[in-house]
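Enquirer: Sequential numbering of the sequence shown, starting at 2, is according to this note's numbering. Note that the Cβ used here is the ideal one computed from N, Cα and C, for glycine as well. Only a predicted model underlies this, so the values are computations on that prediction, with no experimental measurement involved. One structure, as structure tokens, below. Some questions next.
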Amino acid sequence: MRDRICIVCKQALDGEPLLTLDQMPASAQDIPGQEDLAEDRGICLNLHQCSCCGLVQFDCEPVPYYKDVIRSGGFTTTMVELRQRQYRHFIDSYHLEGKKLIEAGCGQGEFLSVLSGFPVTACGIEHRESLVNLGKEKGLNVWKQFAEEGEILKAPDGSMSGPYDGFLSFNYLEHQPDPVGMLRCIAENLTDQGVGLITVPSLEYILKYDGYYELIRDHIAYYTFDTLRFAADQAGFEVLEEEMVNRDTLSVIVRKKKSPDRLDVSGLVQSRVIIGEELKKLAGKLESEGKRLGIWGASHQGFTLASTTVIGEFARYIIDSAPFKQGRFAPASHLPIVAPDYFHKDPVDVILIVAPGYTEEIARTIVEKFGWNVEILALKSNHLERI
Ligand SMILES: [Zn+2]
């Protein structure tokens, strides 16, 4: 039994299942022969909906052959025409002429062969050896590989390697117990802003026609546009287009999200140098004049200025009116935090206010309590100012 967690968002699948189906076929493949009948029996399947991401899914182990793409039929004129239309749109709209496309889970190359008529370099990966061989016999560039996190998708004979400009995945994701891992692997093997065409069966269709017999353990997940979009997003893709095809299939075009531009924080680095120098100059000047310095404001700004500049050593103390801070020490610099009245016991000549937003109010308090002889300074942006 697998952990009862959502295959996409990993939250617990707690609560009652949406539906419990008994006497269900254990799988759609590996059809029993006469000799298997004694062993074969129906299984019970619990269909859950994740309360976090909304994905509808079975809570059971996937079928043992979930990595293989076994397509029985489906290769009809309608299907070929649909793929041709999808390929044309995908290649034209996303400028993929002459580019490299990879199909993840290509079976024996049914849909890859349709791509042969288009001006792209196409290849495919498939997990089942016998299907890989059938694909090769058709002259397609297919090799045995499965897209899971960390895999580098490249042909063992070196004839093809990434990064790929686009990928294709036709009715494969709904079999996957780790769909996000699969999509992430593909994303890592794509160019920046690489695109993809994904189809999966539509849950909306199943619900519309109430076809409970559409549910099968082979399809461990049942996607809607919303849950598919969420899974793609988790894997680092944005959905650019959504379309319902063949009445029962969701088709989406995704693009790898751009990683965020690295922020320029050189101003912060510079401010540390500038402020450090100004405060060093201030401390030097006061020392030569035999004057003493206090800080007002035991907030994080005051603590950081005390611990990262000379004033942490030079100042006598930090004044703060909050009783719960008094009698304690500034972290890292260990300057004592004192009540305003402490000034009368141990007076200073200059007070540096570090309390953004309250500077004027504190300056008035200082004048009222300690008189006009105390020089008041404040840090505005990255400069010292006399108040
Ligand atoms: Zn979920």
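Are residue 295 and residue 352 closer than 9 Å when you measure CB to CB?
Expert: Within the sequence shown, the letter at position 294 stands for residue 295. Within the sequence shown, the letter at position 351 stands for residue 352. Yes, the Cβ-Cβ distance between residue 295 and residue 352 is below 9 Å.
Enquirer: For residue 295, does the three-state DSSP call read helix, strand or coil?
Expert: By one-based count along the sequence shown, residue 295 stands at place 294. DSSP places residue 295 in strand when its eight states are reduced to three.
Enquirer: Which residue or residues does DSSP assign as beta-bridge partners of residue 47?
Expert: On the sequence shown, position 46 is the one that residue 47 refers to. DSSP lists 21 as partners of residue 47.
Enquirer: Report yes if the C-beta distance between residue 125 and residue 140 is below 9 Å; otherwise report no.
Expert: In the sequence shown, residue 125 corresponds to position 124, counting from 1. In the sequence shown, residue 140 corresponds to position 139, counting from 1. Not closer than 9 Å, so no.
Enquirer: The beta strand (DSSP E) with residue 379 in it runs from where to where?
Expert: Taking the sequence shown and counting its residues from 1, the one referred to as residue 379 is at position 378. Counting along the chain, the beta strand (DSSP E) containing residue 379 begins and ends at 376-381.
Enquirer: Assign residue 231 to one of two classes, buried (16 or more other C-beta atoms within 10 Å of its C-beta) or exposed (fewer than that).
Expert: On the sequence shown, residue 231 is found 230 positions in, with the first residue counted as 1. So residue 231 ends up on the buried side.
Enquirer: By a C-beta neighbour count over all protein chains shown, 10 Å radius and 16 as the cutoff for buried, is residue 171 buried or exposed?
Expert: Looking up residue 171 in the sequence shown gives position 170. Buried: at least 16 other Cβ atoms inside 10 Å.
Enquirer: Which value, in whole angstroms, describes the spacing of the CA atoms of residue 177 and residue 99?
Expert: Translated into positions along the sequence shown, residue 177 becomes position 176. Translated into positions along the sequence shown, residue 99 becomes position 98. Cα-Cα distance, rounded: 31 Å.
Enquirer: Rounded to the nearest angstrom, what separates residue 174 and residue 97 at their Cα positions?
Expert: The residue you call residue 174 lines up with position 173 of the sequence shown. The residue you call residue 97 lines up with position 96 of the sequence shown. Distance between the alpha carbons of residue 174 and residue 97 is about 23 Å.
Enquirer: Grab me the residues of residue 76's own chain with a C-beta within less than 7 Å of its C-beta, minus the 5 sequence neighbours each way, in chain order.
Expert: Walking along the sequence shown from the start, residue 76 turns up at place 75. Excluding positions up to five away in sequence, the list reads 111.
Enquirer: Between the segment 149-166 and the segment 211-219, do at least 3 Cβ pairs fall closer than 8 Å?
Expert: No, the segment 149-166 is not in contact with the segment 211-219.
Enquirer: So, with DSSP's three-state summary, where would you put residue 256?
Expert: Locating residue 256 in the sequence shown gives position 255, where the first residue counts as 1. It is a strand residue.
Enquirer: Per the contact definition of three or more C-beta pairs closer than 8 Å, is the segment 314-321 in contact with the segment 347-361?
Expert: Yes: at least three Cβ pairs fall under 8 Å.
Enquirer: Within this structure, are the beta carbons of residue 387 and residue 380 separated by less than 9 Å?
Expert: Walking along the sequence shown from the start, residue 387 turns up at place 386. Walking along the sequence shown from the start, residue 380 turns up at place 379. No.
Enquirer: For residue 50 and residue 298, I'd like the C-alpha separation in whole angstroms.
Expert: The residue labelled residue 50 in the question sits at position 49 within the sequence shown. The residue labelled residue 298 in the question sits at position 297 within the sequence shown. Each residue's Cα considered, the two are about 52 Å apart.
Enquirer: For a test of your reading of the model: does the CB of residue 201 fall under 8 Å from any non-hydrogen atom of ligand 1? Yes or no.
Expert: Taking the sequence shown and counting its residues from 1, one reaches residue 201 at position 200. Answer for residue 201: no, Cβ out of range of ligand 1.
Enquirer: Tell me the rounded alpha-carbon separation between residue 203 and residue 249.
Expert: Counting from one through the sequence shown, the residue named residue 203 turns up at place 202. Counting from one through the sequence shown, the residue named residue 249 turns up at place 248. Going by the C-alpha atoms only, they are around 5 Å apart.
Enquirer: Among the candidates 221, 198, 274, 300, whose CA atom is the shortest distance from the CA of residue 251?
Expert: Residue mapping note: residue 251 aligns to position 250 of the sequence shown, counting from 1. Comparing Cα-Cα distances from residue 251 to each of 221, 198, 274, 300, the minimum goes to 198.
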